[in-house]
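Novice:
2 protein chains.
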Amino acid sequence: MDKSEIPQKSIYRISLYGRCLDRLLENDHEMVSSAALATASGVKPSQLRRDLAYFGAFGTRGRGYPVAALRKAIYEGLGRAKFQPVVMVGAGNLGSALLRYDGFKKEGYEVLAAFDSAAESLRGGDIPVPLYASEDLPEFVKKNSVKMAILCVPGEQAQEATNVLVEAGIQGILNFSPVMLQVPTEVVVNNVDLALELQNLSYFIKK
Amino acid sequence: MDKSEIPQKSIYRISLYGRCLDRLLENDHEMVSSAALATASGVKPSQLRRDLAYFGAFGTRGRGYPVAALRKAIYEGLGRAKFQPVVMVGAGNLGSALLRYDGFKKEGYEVLAAFDSAAESLRGGDIPVPLYASEDLPEFVKKNSVKMAILCVPGEQAQEATNVLVEAGIQGILNFSPVMLQVPTEVVVNNVDLALELQNLSYFIKK
Numbered sequence: 064m065d066k067s068e069i070p071q072k073s074i075y076r077i078s079l080y081g082r083c084l085d086r087l088l089e090n091d092h093e094m095v096s097s098a099a100l101a102t103a104s105g106v107k108p109s110q111l112r113r114d115l116a117y118f119g120a121f122g123t124r125g126r127g128y129p130v131a132a133l134r135k136a137i138y139e140g141l142g143r144a145k146f147q148p149v150v151m152v153g154a155g156n157l158g159s160a161l162l163r164y165d166g167f168k169k170e171g172y173e174v175l176a177a178f179d180s181a182a183e184s185l186r187g188g189d190i191p192v193p194l195y196a197s198e199d200l201p202e203f204v205k206k207n208s209v210k211m212a213i214l215c216v217p218g219e220q221a222q223e224a225t226n227v228l229v230e231a232g233i234q235g236i237l238n239f240s241p242v243m244l245q246v247p248t249e250v251v252v253n254n255v256d257l258a259l260e261l262q263n264l265s266y267f268i269k270k
Numbered sequence: 064m065d066k067s068e069i070p071q072k073s074i075y076r077i078s079l080y081g082r083c084l085d086r087l088l089e090n091d092h093e094m095v096s097s098a099a100l101a102t103a104s105g106v107k108p109s110q111l112r113r114d115l116a117y118f119g120a121f122g123t124r125g126r127g128y129p130v131a132a133l134r135k136a137i138y139e140g141l142g143r144a145k146f147q148p149v150v151m152v153g154a155g156n157l158g159s160a161l162l163r164y165d166g167f168k169k170e171g172y173e174v175l176a177a178f179d180s181a182a183e184s185l186r187g188g189d190i191p192v193p194l195y196a197s198e199d200l201p202e203f204v205k206k207n208s209v210k211m212a213i214l215c216v217p218g219e220q221a222q223e224a225t226n227v228l229v230e231a232g233i234q235g236i237l238n239f240s241p242v243m244l245q246v247p248t249e250v251v252v253n254n255v256d257l258a259l260e261l262q263n264l265s266y267f268i269k270k
């Protein structure tokens, strides 16, 4: 199946199902019903069945899905087994915090290097990857066949940094800058705005 | 209007419009068309008009929205002006990285304290807020009227930590643990799974 035919939201949910299956496997479950897996993932069973059908996974009525086989199908489909190099753009407050987080590497994403327009002044800090000036980015990205970037620059620099990334051949950007980036259709951007998440939550707090 | 009538996704998008309006105001724009604001926010103009109508904001045909007034209406509606205390649960790798990030405070969210089951061994590190043992959480939350928490514990501790938070009176949880939390309907959870975001991106990368 052509990847572009699967909605991005389905891919999100399918990753979540994978997470739940990890846990079921750890706890020695052999089978799981679509209802139970849907509840654990926070979706409707009908949605789960539609999503899994994209990957050719169909449960057996009354028995559900075999945990290990479904998990394998999902991770092969998602291409998780592959190692994926990443660059960090912006090594200020948030960028350097994320560089110290080891959760990316655990999942197969290695941040090869960080780039910052103030690289000179940041050097000597506790940044655990090589740190280069912004101008060195295009050559590095091409030389190391990097296709993914994490963007942690201030809002006013985000679009310009994005243009450089796209020009250099980056196809996927995890954007922590509080800006909606304009990119060509073949480039995918996922936005994570941490302050916006808190703002959204606080709206629902009873005073 | 009753808050519960506005869909959570609209609140998300409305926060985004606020971000775009910040920028327009900085650049001395007085008016903005719904089409321009929609493009900058990555949504359809019809969606934007529907969202803003929840807050009683209606543009003028042919002229659009007044930037300063719309921004004010949005932030008052979202309740952003208010200071909101937050606790961090889990001060390991990701938790301590986020504690060093100053973006929350800028938006009016102050992390008052962090709680960790291994607080003893983490003390003396570079955690910039008071760090307490997990058992101290319920009393602290009640005493300081904290309604929001950021959850950064490992997956296998997440649900138990959540139960404690809910019991203590927390109404909103920003969840960084890779687990779908089960909470009562009156508690809102926003999930941020950083590795999942990368995984999702990498699916769309051409090999």
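Chain order of the listed sequences is A and B. So for the first sequence, this note's numbering puts the first residue at 64; every next one is plus one. So for the second sequence, this note's numbering puts the first residue at 64; every next one is plus one. Glycine residues also receive a C-beta, built at the ideal position from the N, C-alpha and C atoms. Here the structure is a predicted model, which is why all the values come from computation and not from measurement.
#1: Name, please, each residue of chain A whose Cβ falls closer than 9 Å to the Cβ of B/S104.
#2: Say whether chain A places a C-beta atom closer than 7 Å to the C-beta of B/N156.
#3: Could you name the residues of chain A that B/E170 contacts, counting a contact when the two beta carbons are closer than 8 Å?
#4: Just how far apart, CA to CA, sit A/R113 and A/G81?
#5: Taking only three categories from DSSP, how would you classify B/G235?
#6: Report all residues from its chain with a CB closer than 8 Å to the CB of B/L259; omit the five preceding and five following residues, and keep chain order.
#7: For A/A154 versus A/L194, is the C-beta distance shorter than 7 Å?
#8: List, in chain order, every chain A residue whose beta-carbon is nearer than 8 Å to that of B/M211.
#9: Should B/Q71 be labelled buried (16 or more other beta-carbon atoms within 10 Å of its own) or exposed?
#10: Is B/N207 buried or exposed, if buried means 16 or more other CB atoms sit within 10 Å of its CB?
#11: Just to confirm the assignment, what range does the beta strand (DSSP E) spanning B/Q147 have?
#12: Got a sec, what are the start and stop residues for the alpha helix (DSSP H) A/V242 sits in?
#13: Would you mind stating whether A/F239 and A/V255 have Cβ atoms separated by less than 7 Å?
#14: List the whole-angstrom C-beta distance separating A/V250 from A/A212, where the pair is believed to meet the contact cut-off of C-beta under 8 Å.
#15: First and last residue of the alpha helix (DSSP H) that includes B/F178?
#16: Can you look up A/A221 in the DSSP assignment and give me helix, strand or coil?
#17: Could you tell me the distance, in whole angstroms, from the CA atom of A/Q245 to the CA atom of A/Q222?
#18: If you measure from the beta carbon of A/A101 to each beta carbon in chain B, is any gap under 7 Å?
#19: Can you name the residues of chain E whose CB is closer than 7 Å to the CB of A/Q147?
#20: Which residues in chain B have a C-beta closer than 8 Å to the C-beta of A/D165? List them in chain order.
#21: Measuring only between beta-carbons, confirm whether A/L88 sits less than 7 Å from chain B.
#22: Return helix, strand or coil for A/P193, following the three-state DSSP convention.
#23: At the level of alpha carbons, what is the spacing between B/A231 and B/L100?
#24: Return the CA-CA distance between B/V95 and B/E139, expressed in angstroms with no decimal places.
#25: Mind reading off the beta-carbon distance from B/G235 to A/L264? Whole number of angstroms is fine, and I expect it under 8 Å.
#26: So, for A/N253: in the same chain, excluding its five sequence neighbours on each side, which residues have a beta-carbon less than 8 Å away from its beta-carbon?
#27: Would A/S104 be called buried (16 or more neighbouring beta carbons within 10 Å of its own) or exposed?
#28: Hey, could you find the ends of the alpha helix (DSSP H) B/A116 is sitting in?
#29: Since A/N253 meets chain B, which of its residues come closer than 9 Å, beta carbon to beta carbon?
#30: Under the DSSP definition of a beta bridge, which residues are partnered with B/P129?
#31: Quick one: what does DSSP say A/I213 is sitting in, helix, strand or coil?
#32: Taking Cβ positions, are B/Y172 and A/L261 nearer each other than 7 Å?
#33: Using the beta-carbon of each residue, which ones in chain A are nearer than 7 Å to B/G235?
#34: Leaving out five residues on either side along the sequence, give the residues of the same chain with a beta carbon under 6 Å from the beta carbon of B/T225.
#35: Thinking just about the alpha-carbon of each residue, which of B/V216, B/C215 and B/K210 is nearest to the one in B/V229?
#36: Applying the 10 Å Cβ sphere with the 16-neighbour rule, what's the burial state of A/A136?
Specialist: Taking the geometry as given:
#1: Within chain A, the residues near B/S104 are M243.
#2: Yes, B/N156 counts as interfacial toward chain A.
#3: For the C-beta of B/E170, the chain A residues within less than 8 Å are, from N- to C-terminus, A258, L261 and Q262.
#4: For A/R113 and A/G81, the gap between their C-alpha atoms comes out near 15 Å.
#5: Strand, per DSSP.
#6: In its chain, beyond the 5 residues on either side, P241 have a beta carbon closer than 8 Å to the beta carbon of B/L259.
#7: Yes, these two residues count as a Cβ contact at 7 Å.
#8: The contacting residues are L261, L264, S265 and I268.
#9: Looking at its Cβ environment, which holds fewer than 16 other Cβ atoms inside 10 Å, B/Q71 is exposed.
#10: A residue is called buried once 16 or more other Cβ atoms fall within 10 Å of its Cβ, and B/N207, having fewer, is exposed.
#11: Where B/Q147 is concerned, the enclosing beta strand (DSSP E) stretches over Q147 to V152.
#12: Per DSSP, A/V242 belongs to no alpha helix (DSSP H) and is neither H nor E.
#13: Contact: yes.
#14: Taking C-beta atoms under 8 Å as the contact rule, A/V250 and A/A212 fail to qualify, at a distance of about 10 Å.
#15: For B/F178, there is no enclosing alpha helix (DSSP H); the residue is found in the beta strand (DSSP E) stretching over Y172 to D179.
#16: In the three-state scheme derived from DSSP, where H, G and I count as helix and E and B as strand, A/A221 is classed as helix.
#17: Near 7 Å, if we compare the C-alpha coordinates of A/Q222 and A/Q245.
#18: Interface flag for A/A101 against chain B is unset, since no Cβ pair is found closer than 7 Å.
#19: The chain inventory of the structure shown lacks chain E, comprising the protein chains A and B.
#20: Within chain B, the residues near A/D165 are N156.
#21: No, no contact with chain B.
#22: It is coil, neither helix nor strand.
#23: Those two C-alpha atoms are separated by around 41 Å.
#24: Those two C-alpha atoms are separated by around 19 Å.
#25: Between A/L264 and B/G235 the Cβ distance is about 4 Å, and since that is below 8 Å, they are a contact.
#26: In the same chain as A/N253, and ignoring 5 residues on each side of it, the C-beta atoms closer than 8 Å to its own belong to G235, I236, L237 and N238, in chain order.
#27: Answer is buried; the Cβ neighbour count reaches 16.
#28: Per DSSP, B/A116 belongs to the alpha helix (DSSP H) from P108 to Y117.
#29: Neighbours of A/N253 on chain B, chain order: E260, L261, N263 and L264.
#30: B/P129 is bridged to B/M94.
#31: Reduced to three states, the DSSP call for A/I213 is strand.
#32: Contact: yes.
#33: Chain A residues near B/G235: L264, S265, F267 and I268.
#34: Cβ neighbours of B/T225 within its own chain (closer than 6 Å, five residues either side excluded): L244.
#35: Nearest C-alpha to B/V229: B/K210.
#36: Burial call: buried.
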